[in-house]
Amino acid sequence: MKSPSDRVDEAGVDRAVEREFPMGAAETADGMDRRTFVQLLGTSLALSGLAGCPRAPPEKILPYTRQPPDLTPGNPLHYATAFATGAYATGVLATSWEGRPTKIEGNPLHPSSRGAAGLFEQASILQLYDPQRARLVKYKGVARAWKSFLAETRQRLDYLLEANRAAGLRFLLDPSGSPTVEDLRRRIAAAFPNARFHAYEALDRDNAYQGARLAFGRPLETLNEFENADVILSLDADFLQCVGPHLRHSRQFAARRAPGPAMNRLYAVESMLSVTGTMADHRLRLRSSEIQSFALELLSELVGKHRLGALAAIASALGQPLDAGPRAAWVRAVAADLARHPGRSSLVVGPRQPALVHAIGHAINSALGNFEQTVRFTRPVPLEAEAGSAALAALAAEIRDGRVDTLVITSRNPAYTAPANLEFPSLLSSIPNVIYHGWYEDETWARSAWTIPAAHPLETWSDARAHDGTISIAQPLIAPLFNGIPELELLASFVGEVDKNAYQILRESWQKKTPAADFEQRWERWLADGLVPGTAFSPERPSVRWDALNAAIRGAGKQDDAAPPGQRPLEVNFVGDYKVYDGRFANNAWLQELPDPITKLAWDNAALLSPATAQRLGLGQGEVVTLELRGRRVDAPVFMVPGHADDAVTLPLGYGRSGMEGVARGMGFNAYLLRHASAPWFDSGLTITSRGKHHPLAVTHDHWSMEGRPLALQSTLAEFQKNPGALDELRGPTETFHRPVDYDQAPHRWAMAIDLSRCTGCSACVVACQSENNIPVVGREQVRRSREMHWLRIDRYFSGPIEEPSVITQPVACVHCELAPCEYVCPVNATVHSDEGLNEMVYNRCVGTRYCSNNCPYKVRRFNYLHYTQDKPAPEKLMMNPDVTVRARGVMEKCTYCVQRIERVRIQSRIENRPIRDGELQTACQQACPAEAITFGSLHDQSSRVSRLHRDPRRYDLLHDLGTRPRTAYLVRIKNPNPELA
Amino acid sequence: MSALFPPAANTIVRVAALVLLAAPIIAVGTLYAYANSPLYTGQHDQIEQVIQFDHRHHVRDDGIDCRYCHSSVERSPYAGIPPTEVCMNCHAQVWNKSPLLDEVRARYFTDRAIAWNRVHRLPQFVYFNHSIHVNKGVGCVTCHGRVDRMAMAEQVAPLTMGWCLDCHRNPAKHLRPVDLITEMSWEPAVNRDQLGKELMEKYDVHTRTNCTTCHR
């Protein structure tokens, strides 16, 4: 399977050639031509010898006046804190060098993280230093003092209070489980009896809570324990990447992917190919609207054939039995598999699916006896179980009636994320006094009277709850860089606490809750551990209300479109973006430049559809189309994704920004413009008309196929066991001209192992590497020219039929060949080998011939075509890891196996006169990986995890026939398909 | 007709050829010599500081251990420049009215850092680590010279890569017992090479000369 342009349009070859040799590849960004460049080159060569002559300029050393007690200059400190995306917090450890936070890692003690860190947590460090963040308190665009905000707001509140007990005072908050916010809200409600609180988030979990309400009579949080699940069925649930505690899910899921009898089996039913879908043993592509009927079919199959006792109660509501066809066979096989694993199976429903599907999921899980085994329940983490479009629509109605005088917004940019039909931006303009607490001068900022810059989570004290209710105290690592005001201080100002800072507010709230004499010691422990022990919610043991469910199912009926595929009206799906979430990370250049895990698209979103649908509509890759839904239009480029459901289009949210954020502006299109409050997740009746234009998308991995080469391998358990020697020709010694190097005398033999069975392609490792190794961002234009700088990339291949492809992801960084082709061709010895087997890159020797990159079969070397770090804004310089050189123009660079970490750990162990312990040394990618797919260590230690993996029967070498003897070994992905579906 | 080339022409050509051949060698040689000379390395430069701090007095007369001020030398890549607080530990009591220390007091009480001029400057792509050297028996004096005799701190060693490698290839004769690490005037009573060998064994010294040992 080649790339879509090769497949679909005739000019594919030309385009491929163009990609290989892009026009103007020799031009620099400012348009200098080759001739000028050569002239300048000659001059600078002649002068460069002299440039080395003057001595380096004198430097100053500025010591502390009073050195903080724990701090040793030159050694980083780590602080436990928490970062919340939506309502759920993830515990993180932040690295700080002499007061500068530089990196975010997972907190091993925290239940949601377990030591791993996701994209958003890690990339948030870039947002801390983002010079485009809002800096000033403003009133109608004019800078004002925080004190005058307090005074004038007080006046207005007094007036409101007197008029009608503050009926016109409204708060619009992010859904949050923060106990201190809850505290403050209670006090605000007491002070302003008629004030109201609303919560809104574009990617809400309303459906999940409504589903629980339908099934159990009350909204509940569903917790999945995948380590206990033998069979998992995901209904539109991307639980490995986006939904809730995905880091924990990934770890638990991956732990059960080791080939053998304990291996789990994942079925996924979804419309757009998701990260979870790529891991599925069986994937059924259905349009989102068909998933409800699928759930009903599954239910009726379980009732009819497997006679699950508990489900008999709703048997009467179900319609006719299954008809024939491949989908029916699928349902039968899944139902049988689920029924074979009572108490050891799990049905997960995604938040995009309507409440009924969630309720059916609960019913099936209950009937299978999965409650308390693979599925647990607690009360909801956020204070409001309704925080989606419906909640916002209710507020919008009140605004329209003129009942809102002062609206305090701490929710993320609702003017942008609100469904278009609410016309929220113009409603905001109609409110006399909007107080917006935001990170950027964004769309909401432009329509608010008072605008207050928000403090970054690393700049302020707060608290938050994890998915299971566990509370973390989030501590700051740096004083606000841009005058940000903490949310707690803003809320506290409404109850008159204007002189207290966030720390005092938080501590007092906790002190009241913990009247113990040893509060101080406890508090210190909470901060050190990053969580408050014993604060997880107590488990709830709900039982399914069969009657209510019965009635709901009867009311729903069968909703499938009877028309055959190809003639059905187009369905449109709205999904949170893997990289910018709901748009809140749109100004984060790391995330913008990160290739999407599935599409490999950077710096843009696109209307995603299946190749068959694109062909039916006559659309090519990157063709700009007008999307029209319910009379609203937006232009978007088209992008084909194998495995996407036919007759459906997926639109990732969060792009097409029009605020003042320089990175986000002009990137992608705004899918919120088509979103309707009554159908926030999927809708029918989309029309597509071509604009006859082409948008050059920045795709980092345009090729779909491995062209028959054994690169990223996958197999099934049965196949693998049948022929265990099949991999022998992909590993072991090869013939070579070169004299073998003796590594036995070296203290270590560094090596890596990457288990493809575990890797989900989530890309957390890519951001970890970027953060650890000071990797620059190059921008959309440079990515289009294939000049992205990521040392670690994730290749994504499709195999099998284009409609139902099998997908595999493969992280590739420098594999540290023992016989490295790059080293033979370097004319200046800038890339050499260490005695421990590292392929070293010496920046100062590199003259930029790029021979090494040309000779590298893995294509992992990255060249600084331009001086990407030269114009780095001042605040971002603080973020650099001081242990890693910041590279300049004209230098080659690549993965070093995090040699700075090796040397730090080596020095520490040598000082203590002890060997390096296995697991003591982690590369950045390994540390971030939620699935523990990456292992690093020394092969000299026979018992080390990496040694064991190198001896694993699944081990193979990438491009083994070249005889490069890579130190990074890969382990074949093993799938566990259901023999009944073979 | 007279000869086109006079007899001297041969000589002229020979000399010219010699000069042309020698010029690049001389040029490169000169550059090399310059790069290793104190002119370029900055050895023995007297570097003025805003505070007239005298190591002679503090080290030799008062006998203060190096680590009292450079306190992170055993734990960190950096030896550490003392926080102003450390100066004030003593100078709140002694010389607490001295006009020489006006600046120190002013900086301390207004919480502004004293801007010391760097004396030992390594290029930014060098990741030198004090702690491993000190813990394996490389004394302060080995690289920094007799600081107890310096009025103004100066760089004694060239700090070139060749100089680093000399020791990394053959460290034995630069080692001393770790409890004498800060002794300025220590000389081994026994044969230096013999002691070096013993210490290498005792401290398990394995110097490394890979590029990434220092450049990352």
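Top line first, the protein sequences correspond to chains A and B.
Counting in the working numbering, the first sequence runs from 1 upward without gaps.
Counting in the working numbering, the second sequence runs from 1 upward without gaps.
Yeah, the Cβ is synthetic: ideal placement off N, Cα and C, and Gly gets one too.
In the DSSP assignment, no residue is bridged to ILE291(A). Contact annotation: in the segment 50–74 of chain A, residues whose CB is within less than 7 Å of a CB in chain B are ARG55, ALA56, PRO58, GLU59, LYS60, ILE61, LEU62, PRO63, TYR64, THR65, ARG66, GLN67, THR72, PRO73 and GLY74.
Under the three-state reduction of DSSP output, SER430(A) falls in the helix class. Between the segment 208–220 of chain A and the segment 539–552 of chain A there are three or more C-beta pairs closer than 8 Å, enough to call the two in contact.
The continuous beta strand (DSSP E) containing GLU221(A) extends over residues 221–224.
Inter-residue distance for ARG465(A) and SER472(A) is about 6 Å (C-alpha atoms, whole angstroms). Contact of ALA3(B) with chain A is not assigned, every C-beta pair being separated by 8 Å or more. In the three-state reduction of the DSSP assignment, TYR743(A) falls in the coil class, being assigned neither a helical nor a strand state. Closest by C-alpha distance to GLN942(A), out of PRO193(A), GLU818(A) and ARG917(A), is ARG917(A).
Just measuring C-alpha positions, the residue of GLN770(A), ASP635(A) and GLN782(A) sitting nearest LEU792(A) is GLN770(A). The beta carbon of ALA455(A) sits closer than 7 Å to the beta carbons of PRO480, GLY484, ILE485 and PRO486 from its chain, once the five residues preceding and following it are set aside; these are given in chain order. Residues of chain B whose Cβ lies closer than 7 Å to the Cβ of ILE911(A) are, in chain order, SER131, ILE132 and ASN135.
Of all residues in the segment 106–132 of chain B, only ARG107, TYR108, ASP111, ARG112, ALA113, ILE114, ALA115, TRP116, ASN117, ARG118, ARG121, PRO123, GLN124, PHE125, TYR127, ASN129, SER131 and ILE132 place a beta-carbon less than 8 Å from a beta-carbon of chain A. With its beta carbon less than 8 Å from one in chain A, PRO83(B) belongs to the interface.
Judged by their CB atoms, PRO77(B) and GLY74(A) are nearer to each other than the 8 Å cut-off. Considering only beta carbons, the part of the segment 903–935 of chain A lying closer than 8 Å to chain B consists of GLU903, ILE907, ARG910, ILE911 and ASN913, in chain order. Around the beta carbon of THR885(A), 16 or more other beta carbons sit within 10 angstroms, so the residue counts as buried. DSSP, read as helix, strand or coil, puts PHE125(B) in coil.
Membership of GLU628(A) in the beta strand (DSSP E) is indicated by the continuous run 623–629. Under the 10 Å beta carbon count, LYS600(A) is surrounded by 16 or more other beta carbons and is classified as buried. Interface annotation for the segment 839–864 of chain A against chain B: GLU840, VAL842, TYR843 and ASN844, criterion Cβ-Cβ distance under 8 Å.
By alpha-carbon distance to ASP54(B), the top candidate from GLU154(B), LEU159(B) and HIS174(B) is GLU154(B). The shortest C-alpha to C-alpha distance from PRO533(A) to any of GLU497(A), ARG584(A) and ASP468(A) is the one to ASP468(A).
Contact with chain A is found for CYS211(B), since one of that chain's Cβ atoms lies less than 8 Å from the residue's Cβ.
Not a single C-beta of chain B is nearer than 8 Å to the C-beta of GLN810(A). Residue environment for SER185(B): exposed (fewer than 16 other C-beta atoms within 10 angstroms of its C-beta). Under the three-state reduction of DSSP, HIS833(A) is assigned to strand. In this model, GLY530(A) and SER96(A) are separated by some 16 Å (Cα to Cα).
At a cut-off of 8 Å between beta carbons, SER76(B) contacts chain A. Using a Cβ distance threshold of 8 Å, ALA602(A) and PHE639(A) do not count as a contacting pair.
In the three-state DSSP reduction, CYS817(A) falls in the strand class (E or B). In the three-state DSSP reduction, ILE181(B) falls in the coil class, being neither helix nor strand. In this structure, HIS306(A) and ALA339(A) form a Cβ contact; the two beta carbons are roughly 4 Å apart against a cut-off of 8 Å.
Residue pairing by DSSP places ASP577(A) opposite TYR581(A) in a beta bridge. At a Cβ-Cβ threshold of 8 Å, ASP647(A) and THR613(A) count as neighbours.
At a cut-off of 8 Å between beta carbons, ARG216(B) contacts chain A.
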